[in-house]
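Protein sequences, first through last, are from chains G and E. Under this note's numbering, the first residue of the first sequence is numbered 2, with each subsequent residue one higher. Under this note's numbering, the first residue of the second sequence is numbered 7, with each subsequent residue one higher. Report on the following structure.
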Amino acid sequence: MKNSCRKFWLAGASAIAAGLWGQAALAATGTQAGTSVNNTASVSYSVGGVSQTPVSSNNATFVVDRKANVMVAEVGGAATSVSFGQTDRVTTFTVTNTTNATQDFRLIGANIGLGGTTALGRTDNYGVTNIRVFVDVNGNGTYDAATDTATYIDELAPDQTKTVFIVADIPASGPANGISGVQLTAVVATGGTGSALGADLVQTVLGDDPNQVDTVFADGVGYVDLLRDGRFSAGDEYDIAAATAEVTKYATLISDPLNGSLLPKAIPGAVVEYCIAVKNIGAQALTSVGITDNIPANTTYVASSTYVGGSFSLGACVADGAQATDGNVFNGTRIATSIASISAGATATTRFRVTLN
Amino acid sequence: MTKTLLLALAAAGLLAHAPARAAEATLTSAVFKEVETRGPDGRATMALKPAARVTPGDQVVYVLTYRNGGEKPAEGVVVTNPLAQNLVYAGPADMQPPLVSIDGRTFGPLASLTKTSAGVATKAVAADVTTLRWTLAQPVPAGGEVRLSFRARLK
């Protein structure tokens with residue numbers, strides 16, 4: 002193939018030349034391992050003024066060796082926010098084959114250990130459990146428990162990238178502001194056999210053979226691996242979400258005995274509505290959110306005025322929510338309500354009214 | 007021809023290479039890998055080793071040996087070396103730089119060549135070189151030998 006190309010070059014066929022210029026750019030990893038690179042020269046000469054038949058040289062050839070290399074990177078640059086007792090929480094990585102050949106990759110996920118420094122520069126103070134590693138088989142960047150079941154990367158072509166998830170459970174309890182560092186290591190393994198993880202590559206030490214594919218490790222230093230050890234690693238974090246709710250109380254004059262609801266003033270007998278807005282500023286849904294508020298001194302609770310689970314819009318409480326039964330929420334001195342669930346980023350309100358004595 | 011190169015050639019047994027047809031001209035092609043070694047004084051020297059372990063980005067050195075095995079001088083000796091597609095020309099390896107070509111027809115120093123892409127002419131670069139050519143100014147005497155060499159980088 003190569004030789005025939007050369008002959009075309011020598012023939013000076015410009016159309017062929019144009020075609021070769023238009024060839025797709027070579028992969029960043031360079032010439033594929035196993036490629037034979039050939040070189041044949043020719044010489045023309047004259048003797049006594051008479052041109053002689055040109056002579057071709059032998060073919061000087063060598064086989065391109067395998068430059069084994071791999072990159073692992075954490076995706077997002079931020080910790081995964083979790084709560085105690087959660088299961089199947091995910092951190093995301095990418096693994097890129099920077100070898101000049103198709104390879105398998107063995108994947109190892111682990112805790113970095115208590116006291117270790119996480120990839121994000123914090124100190125590990127608890128450990129996630131049941132660590133598993135899965136490949137994003139369908140390539141959607143999201144862990145799908147039913148689909149993403151492969152535990153190693155099979156036959157990854159040069160310069161191709163796969164997303165890989167560490168999936169772990171969070172213990173039932175642990176330190177407040179818990180930080181658990183994890184690490185993912187990808188080991189370059191032998192490719193060539195589909196649907197099976199090949200053996201880890203071994204660097205060729207002896208037996209340099211110009212006609213065989215030797216293996217040279219060219220990987221860099223990752224999070225927990227060494228220079229040129231045929232593997233690369235990166236780290237991520239599972240952080241226990243800290244304070245995740247923001248509570249704001251609003252007071253609104255509804256009416257007074259003289260002006261009614263038109264520009265009411267805070268005079269005795271005026272009705273004031275209190276609205277307690279709970280905003281979930283964490284990453285997880287809040288459940289069974291209890292709200293307790295004492296009826297202020299010198300005021301009297303307005304019977305059946307408590308509404309629970311109302312919404313919040315444009316900086317104000319909306320007059321909605323479910324009306325509560327006084328017997329359930331009012332004990333004579335305070336209001337106590339409970340909201341079943343507030344999703345991440347959402348706000349829910351509790352409203353009640355008092356009259357000024 | 008540098009001393010290192012000669013030593014390496016001797017080591018590779020190339021100098022002892024006898025032409026098969028004594029009455030004819032022969033041309034041999036050999037490939038080496040340039041390896042940097044540091045002596046006890048810390049000075050780096052480049053040595054030519056057999057091209058046994060070559061990975062993308064490595065540089066190799068090709069050595070062409072023309073031998074006039076005839077009984078009369080050979081005149082107008084022109085050695086042409088098309089470059090494999092996976093190689094990028096990386097300059098001469100001795101004092102005899104070749105003329106280069108990006109199309110196999112027009113030869114000259116690299117700086118004199120231009121390529122035209124979509125109607126725009128730009129200076130040719132080393133990666134564009136497809137063919138090397140040496141035109142010997144002097145005849146090669148009977149039994150004489152001329153060695154030419156160049157460097158190339160594996161894509």
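C-beta atoms are modelled at their ideal positions from N, C-alpha and C, and glycine is treated no differently. Computed from a predicted model, the values in this text were never measured in an experiment.
| Query | Result |
| --- | --- |
| Below 7 Å CB to CB, which residues in the same chain sit around Ala133/E once its five sequence neighbours on both sides are set aside? | Val94 |
| With a 10 Å radius around its C-beta and 16 neighbouring C-beta atoms as the bar for buried, classify Thr351/G as buried or exposed. | buried |
| Determine, for Arg62/E, whether the minimum Cβ-Cβ distance to residues of chain G falls below 8 Å. | Before going further, note that residue 62/E is Pro rather than Arg in the sequence given. Chain G, which has a Cβ nearer than 8 Å to the Cβ of Pro62/E, makes this yes. |
| Where does the unbroken beta strand (DSSP E) through Asn74/E begin, and where does it stop? | Gln65 to Asn74 |
| Just curious, the alpha helix (DSSP H) that Gly328/G is in, first and last residue? | Asp327 to Val330 |
| Spatial neighbours of Val273/G within its chain, please: C-beta separation below 8 Å, excluding the five flanking residues on both sides. | Ala252, Thr253, Leu254, Ile255, Ala267, Thr300, Arg354, Val355, Thr356 and Leu357 |
| Quick one: residues in its chain with C-beta nearer than 8 Å to the C-beta of Pro172/G, no 5 flanking neighbours on either side, listed in chain order? | Phe85, Gly86, Tyr127, Gly128, Val129 and Thr130 |
| Per DSSP, Arg59/E forms a beta bridge with which residues? | In DSSP, Arg59/E forms no bridge with anything. |
| Under the rule that 16 or more other beta-carbon atoms within 10 Å means buried, what is Thr30/G, buried or exposed? | buried |
| Among Leu121/G, Ser174/G and Ser344/G, whose alpha-carbon lies nearest the alpha-carbon of Val76/G? | Leu121/G |
| Residues in its own chain within less than 6 Å of Gln324/G by CB, not counting five upstream and five downstream? | Tyr308 |
| Relative to the alpha-carbon of Ile292/G, which residue among Ala304/G, Ala286/G, Ala278/G and Tyr302/G has its alpha-carbon at the smallest distance? | Ala278/G |
| How would you call Gly61/G, buried or exposed, if buried means at least 16 neighbouring beta carbons within 10 angstroms? | Reading the sequence as shown, one finds Ala at residue 61/G and not Gly. The residue in question, Ala61/G, is buried, as its Cβ has 16 or more Cβ neighbours within 10 Å. |
| Give the DSSP-derived three-state secondary structure of Leu264/G in the structure shown. | coil |
| Buried or exposed: Gly193/G, going by 16 or more other Cβ atoms within 10 Å of its Cβ? | exposed |
| Whose C-alpha, out of Leu263/G, Ala337/G and Val96/G, is nearest the C-alpha of Phe135/G? | Val96/G |
| Is it buried or exposed, Pro88/E, if we count other Cβ atoms within 10 angstroms and call 16 or more buried? | buried |
| Can you tell me whether Leu154/E is buried or exposed, with buried defined as 16 or more other CB within 10 angstroms of its CB? | buried |
| Listing by chain order, which chain E residues have their CB less than 8 Å from the CB of Asp210/G? | Ala58 |
| Would you call the CB atoms of Tyr239/G and Arg90/G closer than 8 Å? | yes |
| Are the beta-carbon atoms belonging to Asn70/G and Asp220/G less than 8 Å from one another? | yes |
| Say whether chain E places a C-beta atom closer than 8 Å to the C-beta of Thr41/G. | yes |
| Using a Cβ cut-off of 8 Å, pull out every chain E residue sitting near Ser47/G, in sequence order please. | Ala80, Glu81 and Gly82 |
| Below 8 Å on the Cβ atoms is my contact criterion, and I expect Ile340/G with Val290/G to pass it. Report the Cβ-Cβ distance as a whole number of Å. | 4 Å |
| Would you report the Cα separation of Pro62/E and Lys55/E, rounded to the nearest angstrom? | 17 Å |
| Would you say Gly182/G and Gly231/G are within 8 Å of each other, going by their C-beta atoms? | no |
| Between which two residues does the beta strand (DSSP E) containing Ile171/G stretch? | Note, Ile171/G: premise wrong, no beta strand (DSSP E); not H, not E. |
| Would you be able to state if there are at least three C-beta pairs under 8 Å between the region 105 to 117 of chain G and the region 182 to 191 of chain G? | yes |
| Can you tell me which residues form a DSSP beta bridge with Asp237/G? | Val183/G |
| Buried or exposed: where does Arg40/E fall if 16 or more other Cβ atoms within 10 Å of its Cβ makes it buried? | Note on residue identity: the sequence assigns Glu, not Arg, to residue 40/E. Counting Cβ neighbours within 10 Å, Glu40/E comes out buried, since at least 16 surround it. |
| Taking C-beta pairs closer than 7 Å, name the residues in chain E that Asp66/G reaches, listed in chain order. | Arg59, Val60 and Thr61 |
| Taking the straight line between their C-alpha atoms, what separation do you get for Asn98/G and Asp160/G? | 5 Å |
| Helix, strand or coil, according to DSSP, for Ser344/G in the structure here? | coil |
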